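So the structure is just underneath, and the comments pick up after that.
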Ligand code: GLU
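Numbering (my numbering), first residue to last: 7 to 603.
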């Protein structure tokens, strides 16, 4: 679907929406489901996201002369409209960018930060962690948003198009509306109880008191205004009324009278919001079968954990160990790498993270010596000794994984100049904190629930305790893979900690198992994160692979669908293959500028 068609399709109902004064109104004529194409091949640039309108926004910017960075920000801003429970202005994320002219990968850490007043016991009451669900739906979990600064920094440093122009498709989308689909309705319905307790959220997302029906048009004029202000002034809006509103809403969320929901106030101040700084960091780099894999270094655990696991897998020869061997080695590598992630990774501006060690081949060799090709290691396994010594030996107790939501959005873009972006952005839980900034059209994140609330009985978790200005550890893993210094793959996914295993599985499926990218995308997913059981999608259970791995001692347990990835492959003939999810979360949409047959 292109943007023009969307506007024509929804234009007829805009007047009706204004008359009724509601966000969602029945469409004048059944617009049918938006077109979704999970695979596109061609030249001139590409976009893949979870949503046709977001893909169209990116494509429109590419078409008008923007580069991959501009298109990524345009698509992300559009996701803030159509996927407001996963991504948006009130959240954070990680932006990985391959600059073709420089031949170099840059990364931006746009993770939310803790308020200056947040101490390490912020989530404890009487020495005990507060109930997790109460932490999610609270002002306390709201970090200073990093997304506005990420968009501004990326476009200013690397873009070719003014922010004003980049934001235009998303502004139009928010103003004109998009057609509600089943996923949007379901996500609203899942959240309806808590949304109903916040007047600003209920007014926007429960028009008439109920989730919008599929086929209706959903408009968000408040968000259009917020985006307009941002398009004109950039992050200066955070120094002004919008920033003040974010802080005031987190500090004292308004609830409906008489609710018995416990909603704790937050610690965020206007100074925290206005003072947010995006961090340019050196990428996490590892080599895998001669490819250069670039990911997000801490504060995300994505890059180090994917990189370490790949390094461990690389110690085995896929031809020697066969398909089941590769699958087994992947599960074991994830197990070991997660043990290290949970023990060692946190915000590097606040704690020492042995990033170089975790990504080194020498360390991977030590960790790989624990792998038995004939039997699964009993999990949880302890972390390795990152300070040196014998990596096969335990170094302390296994650390817990922590709590992460399953929301978030990932997108990939490429342009005619050869630049590539892989960008994951989030407000953490599906529906974030559930708290909408009144009159601003976006929900605040609950990303600070990604901190460990306290050190465990075994002494683990210290690296990821809250602290003033600290970023909670993430699992987001936007990744770009180079072959002989040129882009080969760009990929990522939502899914909390399963992000890491999905990115790992996609790379291994493509590179070691020889699946095409669309086949790798459709392949049933499994997720081993240093637990006795490996989560698996229903389609994996009962498969021959499950039987073979079970014979090696793996135990699988069914979990809901894992991830909603988006990826690009750059072919040797110069064409780009853009791939979105075919089914998960309702399916995504991939497009290229000049399709080829
Ligand atoms: N908060 C999670 C993280 O930073 C992301 C949540 C998700 O993907 O749903 O890793």
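Don't be surprised by glycine CBs; every beta carbon is placed ideally from N, CA and C. Since the structure is predicted, the reported quantities are computational estimates derived from the model, not experimental observations.
Nearest Cα to residue 528 within the set 479, 278, 181, 572: 572. It is roughly 33 Å from the alpha-carbon of residue 484 to the alpha-carbon of residue 222. Residue pairing for residue 300: DSSP places it in a beta bridge opposite 291, 486. Taking the Cα of residue 208 as reference, the smallest distance to any Cα among 445, 498, 555, 600 is reached at 445.
At the C-beta level, residue 429 and residue 78 come within 7 Å of one another. Distance between residue 234 and residue 431, taken at the CA atoms: about 20 Å.
For residue 495, no alpha helix (DSSP H) encloses it; the enclosing beta strand (DSSP E) starts and ends at 492-498.
In this model, residue 241 and residue 227 are separated by some 20 Å (Cα to Cα).
Close CB contacts of residue 461 within its chain, under the 6 Å cut and outside five residues either way in sequence, are with 467, 468 (chain order).
Ranked by Cα distance from residue 310, the options 200, 584, 509 are led by 509. Excluding the 5 residues flanking it on each side, residue 126 has same chain C-beta neighbours closer than 7 Å at 471, 472, 473, in chain order. Fewer than three pairs of CB atoms, one per stretch, sit closer than 8 Å, so the segment 260-269 makes no contact with the segment 84-96. Of all alpha-carbon atoms in 108, 124, 104, 150, the one lying nearest the alpha-carbon of residue 449 is that of 150. The beta carbon of residue 294 is closer than 6 Å to those of 316, 320 in its chain, skipping five residues each way along the sequence. Beta-bridge partners of residue 193 (DSSP): none assigned. Note on the segment 129-192: whole alpha helix (DSSP H) runs with a minimum of 4 residues are 138-142, 153-164, 169-172, 174-182, in chain order.
In this structure, 81 is the residue among 239, 75, 81, 74 with its C-alpha nearest to the C-alpha of residue 594.
In the DSSP annotation of this structure, the continuous segment of the beta strand (DSSP E) that includes residue 563 starts and ends at 562-564.
Beta bridge pairing from DSSP links residue 601 with 48.
Between residue 427 and residue 74, the gap from beta carbon to beta carbon is short of 7 Å. Linking residue 155 to residue 549 through their CA atoms gives a straight-line distance of about 46 Å. With fewer than 16 neighbouring CB atoms inside 10 Å of its own CB, residue 393 falls in the exposed class.
A straight line joining the alpha-carbon of residue 140 with that of residue 478 spans about 18 Å. A distance below 7 Å separates the beta carbons of residue 48 and residue 602. In this structure, the C-beta of residue 484 stays at least 6 Å away from each heavy atom of the ligand GLU.
When Cβ pairs closer than 8 Å are counted between the two stretches, the segment 512-531 is seen to touch the segment 563-581, the count reaching three or more. Counting other Cβ atoms within 10 Å of its Cβ, residue 308 reaches 16 or more and is therefore classed as buried. At the C-beta level, residue 487 and residue 299 come within 7 Å of one another. Where residue 110 is concerned, the enclosing beta strand (DSSP E) starts and stops at 110-116.
Distance from the Cα of residue 373 is smallest, within the candidate group 191, 344, 87, for 344. With a cut-off of 8 Å on Cβ pairs, the segment 157-164 is not in contact with the segment 193-201, counting fewer than three such pairs. Residue side-chain check: residue 501 places its Cβ nearer than 6 Å to a non-hydrogen atom of the ligand GLU.
Below 8 Å, too few C-beta pairs join the segment 493-513 and the segment 545-564 to call them touching: fewer than three.
As summarised for the segment 523-547, the continuous alpha helix (DSSP H) elements at least 4 residues long and confined to that stretch are 523-528, given in chain order. Of the candidates 514, 164, 459, 179, 459 places its Cα closest to the Cα of residue 133. Apart from the 5 residues on each side of it in sequence, residue 435 sits with its Cβ closer than 6 Å to the Cβ of 142, 411, 413, 452 in its chain, given in chain order.
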